[in-house]
Amino acid sequence: MNLFSKKTFTRKLTYDWPFYLLSALLAIVFWRGAFGLLHRYKFYEKVELFVAASLEDTSLSKVIRKQMDDEPLKSFEINQALPNDHTFLPKLHNVGYNYSDLLILPSSVYENVLCDEVFLEINDSLINDYLDEEKTFYKCNDLNYGLLIRNSSQTSWLDDFINFDIEESYYLFISGASKNIGNLGNFQTPEYDLALKCLKVLLK
Amino acid sequence: MIEVIKQKESFLHSKQKLQKLIIYYVIFSLILLSLITTFFLMSTENYLILLIVNIALTISLFWGSIYLFTNPFKTALSYYKFFKDLNDGSLSQSYVLFKEHKLEKILKQDLEYFVIVVNEKNNDNLYEREVYSLYQLDDFPLNKLVKIETFGNVLIKYEEIK
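Written out as structure tokens, the structure is:
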């Protein structure tokens with residue numbers, strides 16, 4: 151009783167080869183997905199920045215991560231959208247307000263936004279804890295909401311990476327929906343404040 | 091009467107082989123699955139090597155399973171079914187003249203058979219027909235009249251007629 155016959159195997163292989171091929175592909179796709187899911191960055195390990203301008207150099211996230219070397223920042227993701235693009239507003243509402251921790255917006259955009267509804271107010275304790283020098287703020291109803299990044303008279307180190315419109319003023323806003331701003335926003339996550347720690351790097 | 095296939099013995103032997111295959115498959119699968127799960131759970135952020143190892147182990151498991159269930163397991167199951175039917179069924183008798191024992195095997199329903207060409211006398215006419223045998227016959231009674239007992243045209247017993 152010969153169960154292991156090479157002749158039978160080669161004969162059946164002509165019919166069964168798609169199963170061998172599909173199973174190999176399935177194994178690769180499955181494990182790539184499973185490992186990716188298991189080791190995906192937790193919300194407190196990544197910061198997302200929404201930029202309303204075009205990105206010139208994609209190495210910006212690497213540069214920021216390098217500067218945040220002491221912090222547990224594993225990923226710094228940048229989402230860009232152009233204000234004159236017809237998909238800009240949906241992107242701003244979905245990606246910007248809901249999933250981003252920080253936003254860099256030009257005057258043509260932030261002047262039409264109800265700041266107290268979407269952005270975090272920059273109060274004195276936040277300034278004392280996370281900013282080390284005098285900054286220019288964007289005020290709305292006499293409260294501070296944005297931090298000046300650049301305008302026609304002030305340049306930024308980000309000019310090398312982001313293609314800012316020189317006629318506009320750009321401010322950095324903190325999203326109230328971020329989970330990386332301690333317990334200052336909508337979520338009570340006091341031990342996670344990576345987004346606030348990134349402020350110094352972006353504003354230097 | 092020379093028994094080409096010992097019915098009870100063959101049935102038990104085929105049953106044992108089938109059980110062995112299943113047990114070995116379950117043991118090897120469990121070992122591979124536990125390795126795969128361990129590697130997956132102990133992986134760190136630099137998981138490239140463990141990812142490749144897990145893909146290789148999973149492909150081995152898949153290919154092993156496909157091979158087993160399309161080749162040895164299928165053959166063992168065919169043997170088991172054949173011997174079980176043989177045990178439960180009845181044999182048909184005929185008188186034939188052994189003409190040729192072909193050594194090349196043919197494949198029928200996942201079983202390999204030797205072909206024996208015989209002449210059978212029926213209503214004063216001589217017909218040539220083929221009888222199959224699972225095993226090669228040692229003392230092939232060439233050109234001799236024999237009484238054969240077959241099951242589904244597979245030779246089970248034969249006896250030389252003097």
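Keeping their order, the protein sequence lines are chains A and B. When you number the first sequence by the numbering used here, it's gap-free, plus one each residue, and the end is 354. When you number the second sequence by the numbering used here, it's gap-free, plus one each residue, and the end is 252. All C-beta atoms in this analysis are idealised placements derived from N, C-alpha and C, irrespective of residue type, glycine included.
| Item | Value |
| --- | --- |
| Fully enclosed by the stretch 155-223 of chain B, which alpha helix (DSSP H) runs are 4 residues long or longer? | 162-178 |
| For a contact meaning CB atoms closer than 9 Å, what does Phe193 of chain A contact in chain B? | Per Cβ cutoff of 9 Å: no residues; Phe193 of chain A is ~16 Å from chain B at best. |
| Identify whether Ile251 of chain B lies in helix, strand or coil by the three-state DSSP scheme. | coil |
| In the DSSP assignment, what are the bridge partners of Thr240 of chain B? | B:Ser182, B:Leu245 |
| Return yes when the Cβ of Ile121 of chain B is within less than 7 Å of the Cβ of Leu147 of chain B, no when it is not. | no |
| Suppose contacts are defined by Cβ-Cβ distances below 7 Å. Is His189 of chain A in contact with Glu135 of chain B by that definition? | yes |
| Excluding the five sequence neighbours on either side, which residues of its own chain have a C-beta within less than 8 Å of the C-beta of Pro162 of chain B, listed in chain order? | Leu111 |
| Give the DSSP bridge partners of Tyr288 of chain A, in chain order. | A:Gly296 |
| Within the continuous beta strand (DSSP E) that includes Pro256 of chain A, where are the two ends? | 252-256 |
| Note down the Cα distance separating Met218 of chain A from Asp274 of chain A, rounded to an integer number of angstroms. | 23 Å |
| Residues of chain B with CB under 7 Å from Lys162 of chain A, in chain order? | Thr160, Asn161 |
| Using CA coordinates, which residue listed in A:Val201, A:Tyr194, A:Ala203, A:Phe154 is at the minimum distance from Phe159 of chain B? | A:Phe154 |
| In the DSSP output, what is Lys196 of chain A paired with across the bridge? | A:Ser225 |
| Tell me which same chain residues have a C-beta within less than 7 Å of the C-beta of Ser104 of chain B, skipping the five on either side of it? | Ala166, Tyr169, Tyr170, Phe173 |
| Give the range of the beta strand (DSSP E) segment to which Tyr320 of chain A is assigned. | 320-324 |
| Report the residues of the stretch 296-317 of chain A with a CB closer than 7 Å to any CB of chain B, ordered along the chain. | none |
| Helix, strand or coil: how does DSSP classify Ser306 of chain A here? | coil |
| Are any of the Cβ atoms in chain B nearer than 7 Å to that of Phe154 of chain A? | yes |
| Could you spell out the range, first to last residue, of the alpha helix (DSSP H) harbouring Gly335 of chain A? | Counting along the chain, Gly335 of chain A falls outside any alpha helix (DSSP H), and DSSP gives it neither H nor E. |
| In chain A, what lies closer than 9 Å to Ser168 of chain B by C-beta? | Neighbours of Ser168 of chain B on chain A: none; closest Cβ ~10 Å, over 9 Å. |
| Which bits of chain B does Ser211 of chain A rub up against, with CB to CB less than 9 Å? | Ordered by position in chain B, no residue passes the 9 Å Cβ test against Ser211 of chain A, which lies about 17 Å from the chain. |
| Between the alpha carbons of Leu187 of chain A and Glu317 of chain A, how many angstroms are there, rounded? | 43 Å |
| Closer than 8 Å, Cβ to Cβ, to anything on chain E: give me those residues from the stretch 168-194 of chain A, in chain order. | Of the protein chains in the structure, A and B, none is chain E. |
| Could you give the DSSP three-state label for Ile312 of chain A: helix, strand or coil? | strand |
| With 16 other CB atoms within 10 Å as the buried threshold, where does Lys247 of chain B fall? | buried |
| Does DSSP put Glu93 of chain B in a helix, in a strand, or in coil? | strand |
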